[in-house]
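Reviewing the structure listed below.
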Amino acid sequence: MADLARIIAAHPFTVAYFSMEVGIDPRMPTYSGGLGVLAGDTLRAAADLGVPMVGITLLHRKGYFRQHLDAQGNQTESSSVWSPKEFMEPMPFHVSVTIEGRQVQVGAWRYTVYGAGGHLVPVYFLDTAIPQNSAWDQTLTDYLYGGDNHYRLCQEVVLGLGGMAMLRAIRHGMTRNYHMNEGHSALLVLAMMMERAGGHGLNTVTKADKEAIRKHCVFTTHTPVPAGQDQFPLDLVVSVLGEELTEALKATECSFNGVLNMTDLALANSRYVNGVSMRHGETSCDMFPNYPINSITNGVHAATWTSPPFCRLYDLHIPEWRHDNLYLRYAMGIPTDEIQRAHDEAKVELLAEVKKRTDIQFDPAVMTLGFARRATAYKRADLLFSDMDRLKKMCQEIGPIQIIYGGKAHPKDDGGRSQIRRIFEAASTLKDTIRVVYLEEYDMAIAKYLCAGVDLWLNTPQKPMEASGTSGMKAALNGVPSLSILDGWWIEGHVEGATGWSISDNWKPESNPAIESVSLYHKLEGTIIPMFYKRRDEFAIVMRGAIALNGSYFNTQRMVVQYLENAYLATGKS
Ligand SMILES: *Cc1c(COP(=O)(O)O)cnc(C)c1O
Numbered sequence: 001m002a003d004l005a006r007i008i009a010a011h012p013f014t015v016a017y018f019s020m021e022v023g024i025d026p027r028m029p030t031y032s033g034g035l036g037v038l039a040g041d042t043l044r045a046a047a048d049l050g051v052p053m054v055g056i057t058l059l060h061r062k063g064y065f066r067q068h069l070d071a072q073g074n075q076t077e078s079s080s081v082w083s084p085k086e087f088m089e090p091m092p093f094h095v096s097v098t099i100e101g102r103q104v105q106v107g108a109w110r111y112t113v114y115g116a117g118g119h120l121v122p123v124y125f126l127d128t129a130i131p132q133n134s135a136w137d138q139t140l141t142d143y144l145y146g147g148d149n150h151y152r153l154c155q156e157v158v159l160g161l162g163g164m165a166m167l168r169a170i171r172h173g174m175t176r177n178y179h180m181n182e183g184h185s186a187l188l189v190l191a192m193m194m195e196r197a198g199g200h201g202l203n204t205v206t207k208a209d210k211e212a213i214r215k216h217c218v219f220t221t222h223t224p225v226p227a228g229q230d231q232f233p234l235d236l237v238v239s240v241l242g243e244e245l246t247e248a249l250k251a252t253e254c255s256f257n258g259v260l261n262m263t264d265l266a267l268a269n270s271r272y273v274n275g276v277s278m279r280h281g282e283t284s285c286d287m288f289p290n291y292p293i294n295s296i297t298n299g300v301h302a303a304t305w306t307s308p309p310f311c312r313l314y315d316l317h318i319p320e321w322r323h324d325n326l327y328l329r330y331a332m333g334i335p336t337d338e339i340q341r342a343h344d345e346a347k348v349e350l351l352a353e354v355k356k357r358t359d360i361q362f363d364p365a366v367m368t369l370g371f372a373r374r375a376t377a378y379k380r381a382d383l384l385f386s387d388m389d390r391l392k393k394m395c396q397e398i399g400p401i402q403i404i405y406g407g408k409a410h411p412k413d414d415g416g417r418s419q420i421r422r423i424f425e426a427a428s429t430l431k432d433t434i435r436v437v438y439l440e441e442y443d444m445a446i447a448k449y450l451c452a453g454v455d456l457w458l459n460t461p462q463k464p465m466e467a468s469g470t471s472g473m474k475a476a477l478n479g480v481p482s483l484s485i486l487d488g489w490w491i492e493g494h495v496e497g498a499t500g501w502s503i504s505d506n507w508k509p510e511s512n513p514a515i516e517s518v519s520l521y522h523k524l525e526g527t528i529i530p531m532f533y534k535r536r537d538e539f540a541i542v543m544r545g546a547i548a549l550n551g552s553y554f555n556t557q558r559m560v561v562q563y564l565e566n567a568y569l570a571t572g573k574s
């Protein structure tokens, strides 16, 4: 990566990376799922590569939520209160934003990410719990994705406008790139307009000003369906932001049919836009035909998501993997029995953790499937249970399996809540044949055990809803093959029988649930379970393929280099 250091040195620039959620430390509940974990992994990779990046997010003092599940799988929630001062230092000043005509003070806590080579990336967690603020304003940085639309819009004012004010107050040198990770931070465009207007009205902002703003903005979209986009009715926008800013928003080229759509706002004001896998880039082009949309496929931070036994194995055979993840390609030369041994260790650690949390002892000799991610309808956690008789018969006649589930449903997502209940029902129906456990409180700490310790990682999203997916990438780094629907990253990572297996071989962007569930059973019965029990060495070759072919590519080191080459440094010309 020496060239990269030279390129960075030749282009003085800073990237300000804005994200509503950031999963940077498993003990800080400041994320809800893949989006936040991606943000954390991005910041870690930037620190490793020496990229001058600054992260901006909200503090979420009461976290996302803590999940409680009763014996039927009914989810209840409580706040996840934590102590920022254990992890971060408070900044000694405040900035302010105007919300509904009130001045709201915004403070920040600094978290420092230490890169492998010693480079530091600061992440600022914005905080409105300041005594000068009204009681309600103090709650604005409490809950991630909590409250109603009004609460959300106010939070987005804190993130976009407050984040920009904080960035200026900290004086991080010249920021060349404002990277919006999803549309939640798109109001930062307004802050840039106010700077251009320099104290005059926003109606003095010219077309040339707007073009200059556009040159600095990068937008990564993560939402393959319009229903998933953040939208606010115009009267709410006027009451929160006031007439002048609302007029300025209308004057940007975003469509504005009575609603402010944050995706449109970000699209209209960004010079570089991308989806998070090749397929998602194509889906986004169909959704937004007026914009050129690129693709940069997500990754995961390799050193973070590789389990200790595999770290030891790679350190022994390919020690360069830590500073250059491409070396994982040479995992091809690691003897398969060593890969199996490392995996057995990771499995024992996972099963010990399951025992600790649930008091249920899984059998280390039994093939173990893992399925864990946000519980929401399109992820179809219950696809495996669409034909219980066939599933039971398969386990009795071909070979036993046991399954570990996990995932939180957003409190208002009834579809997600009922998915969890259905897994509990299935677990009780199957209890004499197949052990099924649902772990409460799925988070980064459990994900690390789970993605590494199961024998097969299952993913059954409804197409084309999985923009990328990253948990299968964590599994691949640990020699765990995927059995997955051909959507998101798996379209790129799947090589049948070499890195894992596909559920249905249909590449089209629509799902057919009946065909997919039949294919799921067919692959398990006909190929995967027999290979696992009868042809262990063949199975280990697939494990090794997952590491060499997918671990070496689907990591945030490769991803951040792609952002540098395609987005950040290309923007630096303005
Ligand atoms: C990696 C991760 C995710 C993302 O999972 P997908 O299968 O990509 O949706 C969600 N939650 C946690 C806690 C994770 O670590």
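Residue numbers (my numbering): 1 to 574. Yeah, the Cβ is synthetic: ideal placement off N, Cα and C, and Gly gets one too.
| Query | Result |
| --- | --- |
| With DSSP collapsed to three states, give me the class of residue 546. | helix |
| How big is the Cα-Cα spacing for residue 23 and residue 523? | 34 Å |
| When the Cα of residue 353 is compared with those of 306, 453 and 277, which residue comes out closest? | 453 |
| Which partner residues does residue 66 have in the DSSP bridge list? | 78 |
| Pop quiz: residue 187 and residue 175 are said to be a contact at Cβ under 8 Å. What is the actual Cβ separation, rounded to whole angstroms? | Actually they do not touch by this definition, with Cβ atoms about 16 Å apart. |
| Under 6 Å Cβ to Cβ from residue 403, same chain only, skipping five residues before and after it: list those, please. | 369 and 436 |
| I'd like the span of the beta strand (DSSP E) that includes residue 401, first residue to last. | 401 to 406 |
| Whose CA, out of 430, 55, 474 and 318, lies closest to the CA of residue 332? | 318 |
| Tell me which same chain residues have a C-beta within less than 6 Å of the C-beta of residue 574, skipping the five on either side of it? | Any reading at residue 574 needs caution, since the residue's pLDDT is 38, under 50, leaving its predicted position unreliable; the model's value is listed next. 215, listed in sequence order. |
| Here's the rule: buried if 16 or more other CB atoms are within 10 angstroms of the residue's CB, otherwise exposed. What is residue 78? | exposed |
| In the DSSP assignment, find the beta strand (DSSP E) that holds residue 507 and state where it starts and stops. | From DSSP, residue 507 is part of no beta strand (DSSP E); its letter is neither H nor E. |
| CA-CA distance, residue 411 and residue 426? | 22 Å |
| For residue 154, tell me which candidate among 169, 184 and 170 has the shortest Cα-Cα distance. | 184 |
| Can you name the residues that DSSP bridges to residue 55? | 17 and 123 |
| Measuring from the CB of residue 443, is there a heavy atom of ligand 1 at a distance below 7 Å? | yes |
| Return the first residue and the last residue of the beta strand (DSSP E) that residue 261 is part of. | 259 to 261 |
| With hydrogens ignored, establish whether the beta-carbon of residue 304 is closer than 7 Å to any heavy atom of ligand 1. | no |
| Scan the segment 435 to 521 and note each continuous alpha helix (DSSP H) run of 4 residues or more that stays entirely inside, going in chain order. | 444 to 453, 471 to 477 and 490 to 493 |
| Under the three-state reduction of DSSP, which class applies to residue 114: helix, strand or coil? | strand |
| In the DSSP assignment, the beta strand (DSSP E) including residue 178 goes from what residue to what residue? | 177 to 181 |
| Got a sec: does ligand 1 put a non-hydrogen atom nearer than 7 Å to the Cβ of residue 277? | no |
| Going along the chain, which unbroken runs of the alpha helix (DSSP H) with 4 or more residues stay wholly within the segment 184 to 248? | 188 to 197, 207 to 216 and 234 to 241 |
| Which residues does DSSP list as the beta-bridge partners of residue 295? | 275 |
| So what does residue 526 bridge to, in DSSP terms? | Note: residue 526 sits in no beta bridge, so no partner. |
| By the 10 Å Cβ neighbour count, where 16 or more other Cβ atoms means buried, how is residue 150 classified, buried or exposed? | exposed |
| Would you check if the segment 64 to 78 and the segment 41 to 53 touch, i.e. whether three or more CB-CB distances between them fall below 8 Å? | no |
| Tell me whether residue 37, by its Cβ, gets closer than 7 Å to a heavy atom of ligand 3. | In the structure on display, ligand 3 does not appear, and the ligands it does have are ligand 1. |
| Going by beta carbon distance, what residues of the same chain come within less than 8 Å of residue 559, once the five residues before and after it are set aside? | 42, 45, 296, 297, 298 and 299 |
| With a 10 Å radius around its C-beta and 16 neighbouring C-beta atoms as the bar for buried, classify residue 142 as buried or exposed. | buried |
| Take the Cβ of residue 379 as the centre, count every other Cβ of all protein chains shown within 10 Å, and call the residue buried at 16 or more, exposed below. | buried |
| My assumption, with CB atoms under 8 Å, is that residue 306 sits in contact with residue 544. Please give the rounded CB distance. | Actually they do not touch by this definition, with Cβ atoms about 14 Å apart. |
| Just checking, does the segment 511 to 520 make contact with the segment 371 to 385 on the three C-beta pairs under 8 Å criterion? | yes |
| Using a Cβ-Cβ cut-off of 7 Å (strictly less than) and excluding sequence neighbours within five positions of residue 552, which residues of its own chain qualify? | 325, 326, 328 and 329 |
| Could you tell me if residue 37 is buried or exposed, where buried requires 16 or more neighbouring beta carbons within 10 angstroms of its beta carbon? | buried |
| In its own chain, which residues sit with a C-beta less than 6 Å from the C-beta of residue 156, not counting the 5 before and 5 after it? | 184 and 187 |
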